[in-house]
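Residue numbers in the first sequence follow numbering that gives the first Met the number 0, run continuously in steps of one, and reach 564 at the last position.
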Amino acid sequence: MTENNPKNEEKRSLNFIEEIIEEDIRTGKNNSRVHTRFPPEPNGYLHIGHAKSICLNFGLGKKYNGKTNLRFDDTNPVKEDIEYVDSIMEDVRWLGFDWEDRLFYASDYFEQLYEYALILIRKGKAFVCDMSAEEIAETRGAPTRPGTESPYRNRTVEENLELFTKMRAGVFPDGSKVLRAKIGMNSPNMHMRDPVLYRIIHATHHRTGDKWCIYPMYDFAHGQSDSIERITHSICTLEFEVHRPLYDWFIKEIGIYAPRQIEFARLNLSYTVMSKRKLLELVKEGYVSGWDDPRMPTICGLRRRGYTPESIRNFADIIGVAKRDNVIDVSLLEFCVREDLNKRADRRMAVLNPLKVIIDNYPDGPGEEMEAINNPEDETKGKRKIPFSRELFIEQEDFMEDPPAKFFRLAPGREVRLKYAYIVRCENFIKDSETGKITEVHCTYDPMTKSGMPNSSRKVKGTLHWVSAQYAIRAEVRLYERLFNKENPDDMPEGQSYKDCINPESLHLVNGFIEPAAENSQVLDKYQFERIGYFSVDKDSSPQNLIFNRVVSLKDSWTKMEKVK
RNA sequence: UGACCCAUGGUGUAAAGGCAGCACAAGAGAUUUUGGUUCUCUCGGUCCAGGUUCGAAUCCUGGUGGGUCAACCA
């Protein structure tokens, strides 16, 4: 197929799921149709691990000219909420995927699922059990030891039918009865030991309201839902591998269409936790400001931080899909967003830790306007003007009283280029005698070195960014670091938890200055602050009070060099 | 002391019995009005032991190591 087409198909290797799908297409299985689905439970916010699954499922649908459904597996009303449904849809759309008219809910199938249960009961393959949850757990045995059969296991079909009908009718209280499959109690696979199919929960469901008081277990809903939707390839994570025999059993006993389940290894990220429970704890216990805190690995957190959908999709693509456990280095995610933003983010000059610079031989007054390139990687982004004046701010780190040889920045007697402006020489500086802090640097400029002028290209070692003290606007800048200090927060010494390696320095607030061109920035606008990093306008930002989130810093070989020492 | 799954550079991921490749990370250099970008180069890998084969990362057997499974959660 691609063999005669070497031009556009550079023979990209297939992952193991694509190999299975292509084999199924080749052999004409399902009439060579490909239909996948993304099946979240609406009980929490989506994170980067879900993004992997979303990109995989929707990506496969697209690649093989198939379809991908969004289906909410909403079988537990006490844990689920419409808030989560909405956020999940928003996140999937933001990532750039479209389920078109195929938005489904497992709760759409409650009536059908109930019928399936009836089929099993009539076949003598399911029974109503009166044991408590504790009793069921105790009699289930252990992986190395068989369980014991429920005393209610041999009720007649008629009795089971009547009891199950009454369960639905609401005559029994929560927890008093369940419907169980009748498979056996000694399978080495715990999921096959007479698993619970239905439980009684008198709770209002976010979609079906109070219509039902019995709800199917996930295991009894998930596989059949895929079957109902004619999913060809049910892609899920590794921990559901042991559930597959059960799904297959249901499909076979009920006698319905069988999707093929394929399991892949979930994403783990270094310096991050990914479980819903832990993420929820971080929010509830106030370690972060909310689900969309820019330090969270949630999709909404990454969005607020300033990650782009393109960078996340590319990340999902690059990390690949396989069955072996993996921990992806966060630096790969950071690489992806840098790569994307380098091409698209306009450059701006901003000073985060201001140090006043006075150009002694520059006239006091309105100053002049300098021309700056918006994005050197993209000429179509054009140019802008930046005001220059006698008093400026530069970064404190860009001046040293007594610098090492390799310091290419400002120091007494040294020259640097002020980007898009002049070459200046440091003549002297003022130091606070009590604190030892440098408070002001005095320079002279060379008028012949104005950027763009014929004689301007004299070589100097360093180029600094700057803003005009007169014209710059104030901005709050939120600098984020990793939320955890340990590479694997899930693997802590005895007696400690992931919370013990939370990085207390994960957020630094600074008040800086930015060039006036950033004045009308809108929420989620992205910039590269020259020489610093990529920044995104926070949702709390307003024209009166600009707030920027640092998405990621620029690669920095200078501080790296310093650290080695 | 069970069943199932997995094992390739530091981290990911390719190689369908035939040259172990790519990306990130790390290191060196070139270019640069961003110590950014770009470019060049370097470092570094098939868990172990047998077997099959002209030939094994790949197939077989046995180890070892890791993961998953015992909610009326999903």
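Each residue gets a CB set at the ideal place from its N, CA and C atoms; glycine is no exception.
Just verifying my parser: in three-state terms, what is the DSSP assignment at residue i?
| i | result |
| --- | --- |
| residue 209 | coil |
| residue 109 | helix |
| residue 173 | coil |
| residue 223 | helix |
| residue 440 | strand |
| residue 240 | helix |
| residue 77 | coil |
| residue 180 | strand |
| residue 492 | coil |
| residue 539 | coil |
| residue 468 | coil |
| residue 164 | helix |
| residue 446 | helix |
| residue 532 | strand |
| residue 556 | helix |
| residue 57 | helix |
| residue 63 | coil |
| residue 568 | The structure shown has nothing for residue 568, since the chain only spans 0 to 564. |
| residue 357 | strand |
| residue 517 | helix |
| residue 462 | strand |
| residue 302 | helix |
| residue 544 | strand |
| residue 480 | coil |
| residue 199 | strand |
| residue 228 | coil |
| residue 362 | coil |
With residue i as the anchor, note down where its beta strand (DSSP E) starts and where it stops.
| i | result |
| --- | --- |
| residue 330 | It is not in any beta strand (DSSP E) - residue 330 instead sits in the alpha helix (DSSP H) that spans 329 to 343. |
| residue 317 | That residue, residue 317, is in no beta strand (DSSP E); its alpha helix (DSSP H) goes 308 to 318. |
| residue 369 | 367 to 372 |
| residue 511 | 506 to 513 |
| residue 297 | Element bounds for residue 297: n/a, residue is neither H nor E. |
| residue 71 | 66 to 71 |
| residue 35 | 34 to 37 |
By the DSSP assignment, the alpha helix (DSSP H) with residue i in it spans what residues?
| i | result |
| --- | --- |
| residue 500 | Counting along the chain, residue 500 falls outside any alpha helix (DSSP H), and DSSP gives it neither H nor E. |
| residue 83 | 81 to 93 |
| residue 46 | It is not in any alpha helix (DSSP H) - residue 46 carries neither H nor E in the DSSP assignment. |
| residue 17 | 15 to 25 |
Under 6 Å Cβ to Cβ from residue i, same chain only, skipping five residues before and after it: list those, please.
| i | result |
| --- | --- |
| residue 389 | 358, 361, 363 |
| residue 237 | 262, 264 |
| residue 569 | Outside the displayed range of the chain (0 to 564) lies residue 569, so it cannot be described from this structure. |
| residue 342 | 376 |
| residue 255 | 226 |
| residue 464 | 348, 418, 529, 530 |
| residue 312 | 54 |
Can you give me the Cβ contacts of residue i inside the same chain, cut-off strictly under 8 Å, excluding the 5 residues immediately before and after it?
| i | result |
| --- | --- |
| residue 386 | 366, 367, 368, 369, 467, 469, 470, 514, 515 |
| residue 65 | 32, 33, 34, 35, 59, 231 |
| residue 532 | 549, 550, 551, 552, 553 |
| residue 7 | Confidence at residue 7 is low in this model, with a pLDDT of 33, below 50, so the placement of that residue should be treated as unreliable; the coordinate-derived value is given next. Excluding positions up to five away in sequence, the list is empty. |
| residue 505 | 294, 479, 480, 481, 482 |
| residue 337 | 533, 551, 553, 554 |
Which residues in the same chain as residue i place their Cβ atom closer than 7 Å to its Cβ, once the five residues preceding and following it in sequence are excluded?
| i | result |
| --- | --- |
| residue 180 | 119, 124, 125, 193, 194, 196 |
| residue 394 | 350, 351, 352, 354 |
| residue 319 | 14 |
| residue 486 | 269, 270 |
| residue 296 | 46, 47, 268, 271, 273 |
| residue 500 | 483, 484, 485, 488, 491 |
| residue 473 | 510, 512 |
| residue 200 | 76, 77, 173, 212, 214 |
| residue 0 | Low per-residue confidence applies at residue 0: pLDDT is 31, beneath 50, and the placement is therefore not dependable, though the value from the model is reported in the following sentence. Around residue 0: no qualifying Cβ. |
| residue 170 | none |
Give me the Cβ distance between residue i and residue j, rounded to the nearest whole Å; I'm assuming they're in contact under 8 Å.
| i | j | result |
| --- | --- | --- |
| residue 527 | residue 371 | That pair is no contact at about 12 Å. |
| residue 245 | residue 191 | 6 Å |
| residue 511 | residue 476 | 5 Å |
| residue 643 | residue 221 | As shown, the chain starts at 0 and ends at 564. That puts residue 643 outside it, with no answer to give. |
| residue 68 | residue 101 | 4 Å |
| residue 76 | residue 155 | Contact flag wrong, Cβ pair sits at about 31 Å. |
| residue 539 | residue 546 | 5 Å |
| residue 448 | residue 421 | 5 Å |
| residue 41 | residue 89 | Rounded, the Cβ-Cβ distance is 12 Å, inconsistent with contact. |
Only counting runs of 3 or more residues, tell me where the beta strand (DSSP E) segments fall wholly within the segment 386 to 433, in order along the chain. As far as the segment 386 to 433 is concerned, its whole beta strand (DSSP E) runs of at least 3 residues are 390 to 394, 414 to 417, 422 to 430.
3-residue-minimum beta strand (DSSP E) runs that sit fully inside the segment 231 to 282, ordered along the chain: 232 to 236, 259 to 263
Would you list, in sequence order, the uninterrupted alpha helix (DSSP H) runs of no fewer than 4 residues that lie entirely inside the segment 98 to 162? 109 to 121, 132 to 138
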